[in-house]
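I have placed the structure first, in the form of structure tokens, so that the comments after it can refer back to it.
Numbering (our numbering), first residue to last: 15 to 67.
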């Protein structure tokens, strides 16, 4: 079985952000919904926990 390719990402500095806007919350929820649709709730839970799987 072939090894999965890893996606590279970079976290931005969020120290200046005090609250999320409604638009940001809607975007996050839309992305979470798409992840659930594609991979199921278990995949979303692994992403949120920071799993290396």
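We treat Cβ as the ideally placed atom computed from N, Cα and C, and that holds for glycine.
Below 8 Å on the Cβ atoms is my contact criterion, and I expect residue 49 with residue 61 to pass it. Report the Cβ-Cβ distance as a whole number of Å.
7 Å
In this structure, does DSSP put residue 43 in helix, strand or coil?
helix
Nearest-angstrom beta carbon gap, residue 46 and residue 58 [assumed within contact, 8 Å]:
6 Å
Along the alpha helix (DSSP H) that carries residue 58, what are the first and last residues, could you check?
55-63
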